[in-house]
Amino acid sequence: MILCQLNASPRIDRQFLGRTGRQGQPGSCEVMVAQDFALLQRWLPGWWHSVTRLLGFRRSLVWASLRAAQSAESLTRTKQRVRLSRLAENEERDLNFSRWGLG
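Okay, so the sequence shown: first residue is 8 according to the numbering used here, each after it adds one.
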C-alpha cells in the first residue's frame, strides 16, 4: 500500500496500515508526503521548510514533524467539536426555556 498523504487523524492512518497485511499474509506500506502537503503548510512554521531543504529529509525529523502537525490538527478538530456541542446544548436549553415563557 502506498499512502500519498497522511490524514488529519493518526487513527485513520493506522487503519490503512492494518489493511496492508491480512489473513496472516505479510504486507508493507510506504508513506510519501510532499513538502507542500496541506497539513504541513498549515501547522509547521516557515523556517521548518528552510531547514528541511538545507539538511535534507531525515526520516526521524520528518516523522516527528508529521506527527506534530497531525496532533495539532486533531486537537483543533476536537476543540471545534466541543465548542459545537456546547453551542447546541445552549441553543436547546434556550429553546426549552423560551417555549415555557421563562427566558
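Every residue, glycine too, gets a C-beta built ideally from N, C-alpha and C.
| Asked | Found |
| --- | --- |
| Backbone CA spacing between A15 and F104 [nearest angstrom] | 39 angstroms |
| Pick from Q87, E96, R88, A45 that is closest to A76, judged by C-alpha positions | A45 |
| C-beta atoms of V40 and Q12 nearer than 8 angstroms | yes |
| L91, buried or exposed, once every other Cβ within 10 Å from all chains shown has been counted against 16 | exposed |
| A45, enclosing alpha helix (DSSP H) - first and last residue | 45 to 50 |
| For L62, the three-state DSSP class (helix, strand or coil) | helix |
| The alpha helix (DSSP H) enclosing P17, as first and last residue numbers | 17 to 25 |
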